[in-house]
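Step one of this worksheet: look at the structure below.
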Amino acid sequence: MQKLVAIKGMNDILPPESARWEWLEEKVRALMARHAYRNIRTPIVEPTPLFVRGLGEVTDIVEKEMYSFEDRLNGEQLTLRPESTAGVVRAVVEHSMLYDGGKRLYYLGPMFRHERPQRGRYRQFHQIGAEALGFPGAQLDAELILLAHALWQELGLQDVRLELNSLGQPEERRAHRAALIQYLEQHQEQLDEDARRRLYSNPLRILDTKNPAMQVLVEGAPRLMDFLGKESLAHFETVKAILDESGVAWRLNPRLVRGMDYYNLTVFEFVTDRLGSQGTICGGGRYDYLIEQIGGKSAPAVGWALGVERVLELLKDQGVPVPELVADAYAIVPDAAALPQVMAQVQRLRALGVSVQVHAATGEGMGSMKSQFKKADASGARFALVFGADELARGVVTVKPLREAGEQVERPLAALADWAATLQSSR
Ligand code: ATP
Ligand code: MG
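Going by the working numbering, the sequence shown runs without a break in its numbering and finishes at 427.
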């Protein structure tokens, strides 16, 4: 029989590693709540035209990275979401969520892109994203950057820097684009194959080239920043003023353009040098024209998405340990006949907030006391609870500390709530 394995570039996330994911997700939920961002959950599969229209036809994602297929039953063209902004916008429009004002939303979940798998780049990966829709002010751009920055602090993430740019408005970009094309045309002989291909379709992306032979050319190219009008510049100044006052360091990166077509005004990335060429852990910006593009009534918006795998990789690289998840207690069951009573008592304890792992039979009977204590030790639990027939008959359980000094004591089953309370306060 053919061996069944996971699809290349799609990972199983197993314990104990999964504990780190839960830890991160809990931090994110708490942080979002403190910033008054509310959770939104949209489908993983969307109609293909949503992404073609939303992200832009000549973007890397739409050109070559989408998992698209035809619904076998009705022939509809579908795509596994490569990102979530388009889906969030679709949902916001579909449910008229902006009718009573702006909304601050966040999401987390898997995304799918058909890329070459390598460290920090997978085909199923996970993003956490935040979006503020319906607000025009630069205040929101800054709020979202502060939110991401607060998350790095909360996680203890180091060596992350913030890069900022402004892409201005479409008419400013058009003027810059014309000047840029004219400049590049004058230096045709210095363009590499990629640049020639992009000269008329996406000249801004040429500025993003990694080709060393083209760096001098790129340095001398007309700068978008010089084409921005008063309003665009003022918007950018407000963002920077808020960041400065809050003590968040940033660096202007005039070459920062981002992969999707939908951005305008502020764009930003959080970057680290510690993950090789997969160094961008979070990226975002303002996208004031996307809502209309997707068929809604024109409304401004801004947001970001972070790559969970890359953030976790960076934490691991920094030696932040995986939080240990061990049960408070391991229940020892000397006699299988007592199992119904033990299971009932353990459920009571769990309802009181105590985590309990019950010894499970591996063969005939429950196994010797010795082997059960060995398992209890290996589990890492703080206490062993011995539910012997004699103890149960007397209405007590023996509590034996496994990780700390102290004698074993008998406790009345009727008074376990007290024990649960002291245990939780000493965790
Ligand atoms: P890159 O330049 O690394 O391809 P991107 O511009 O395609 O990134 P975005 O679409 O902005 O990335 O997605 C936001 C974040 O999601 C990225 O900064 C990154 O951390 C993460 N990310 C994107 N693609 C992948 C992937 N294939 N595997 C893992 N994480 C990813
Ligand atoms: Mg990419």
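No residue lacks a Cβ here, since even glycine has one placed at the ideal position from N, Cα and C.
Of all the beta strand (DSSP E) runs that stay within the bounds of the region 63-128, which reach a length of 3 or more residues? Counting only unbroken stretches of 3 or more residues, the beta strand (DSSP E) elements lying wholly within the region 63-128 are 68-70, 77-80 and 103-112, in sequence order.
Bounding residues of the beta strand (DSSP E) (the contiguous stretch that carries Tyr330): Ala329 to Ile332
Nearest to Gly137 by CA position, among Arg382, Leu105, Lys374 and Tyr287, is which residue? Nearest of Arg382, Leu105, Lys374 and Tyr287 to Gly137, Cα basis: Tyr287.
Beta-carbon proximity list for Arg121, same chain, < 7 Å, skipping 5 on both sides: Glu115 and Gln278
Can you list, in chain order, the residues of its chain whose CB lies under 8 Å from that of Ala175, leaving out five sequence neighbours each side? Phe227
Can you tell me whether Val216 is buried or exposed, with buried defined as 16 or more other CB within 10 angstroms of its CB? exposed
Ordered along the chain, which non-local residues of its own chain (more than five positions away) have a Cβ less than 7 Å from that of Gln318? These residues qualify, in order along the chain: Gln158.
For Lys400, which residues does DSSP report across the bridge? Ala384
Let me know the alpha helix (DSSP H) ranges lying completely inside the region 274-303, each 4 residues or longer, listed in chain order. 290-293
Taking Cβ positions, are Thr272 and Val93 nearer each other than 8 Å? no
What three-state label does DSSP hand Gly428 in the structure shown? Nothing about residue 428 can be reported from this structure: the residues present for the chain run from 1 to 427 only.
Three-state secondary structure (DSSP) at Arg53? helix
Spatial distance of Ala393 from Ala337 (CA atoms): 13 Å
Quick one: give me the first and last residue of the alpha helix (DSSP H) that Glu245 is part of. Lys230 to Glu245
On the DSSP letters alone, give me the boundaries of the beta strand (DSSP E) that Ser166 sits inside. Arg161 to Ser166
In terms of residues, what are the limits of the alpha helix (DSSP H) holding Leu180? Pro170 to Gln186
Give a yes or no on whether the C-beta atoms belonging to Asn74 and Leu164 are separated by under 8 Å. no
With a threshold of 7 Å, establish whether the CB of Asp208 neighbours any heavy atom of the ligand MG. no
Between the CA atoms of Leu24 and Ala421 - distance to the nearest angstrom: 27 Å
So, with DSSP's three-state summary, where would you put Phe270? strand
Residue of Asp71, Leu80 and Leu140 minimising C-alpha distance to Leu105: Leu140
Quick check: Leu55 and Ala301, are their CB atoms within less than 8 Å of each other? no
Using only the heavy atoms of the ligand ATP, determine whether one of them is closer than 7 Å to the beta carbon of Phe51. Phe51 has its Cβ no nearer than 7 Å to any heavy atom of the ligand ATP.
Any chance the region 56-69 sits against the region 14-22, with 3 or more Cβ pairs inside 8 Å? no
Does the beta carbon of Ile291 fall short of 7 Å from some heavy atom of the ligand ATP? no
Do the CB positions of Arg310 and Leu275 come within less than 8 Å of each other? yes
Do the region 234-249 and the region 199-216 make contact, defined as three or more Cβ pairs closer than 8 Å? No: the two stretches stay apart, fewer than three of their Cβ pairs being nearer than 8 Å.
Span of the beta strand (DSSP E), counted from its first residue to its last, around Glu46: Val45 to Pro47
Glu83: beta carbon under 7 Å from a heavy atom of the ligand ATP? yes
Determine whether the beta carbon atoms of Thr85 and Glu46 lie at a separation below 8 Å. no
With a CB to CB cut of under 8 Å and the five nearest residues on each side skipped, what residues in its chain are close to Ala6? So the list reads Asp12, once near-sequence residues are dropped.
So, Pro401 versus Phe383, is the Cβ gap smaller than 8 Å? yes
So the alpha helix (DSSP H) Gln347 belongs to, where does it begin and stop? Leu339 to Ala351
Identify the residues that DSSP records as bridge partners of Arg427: which are they? None; Arg427 has no bridge partner.
I'd like to know whether the C-beta atoms of Phe125 and Thr79 end up nearer to each other than 8 Å. no
Any heavy atom of the ligand MG closer than 7 Å to the Cβ of Asp194? no
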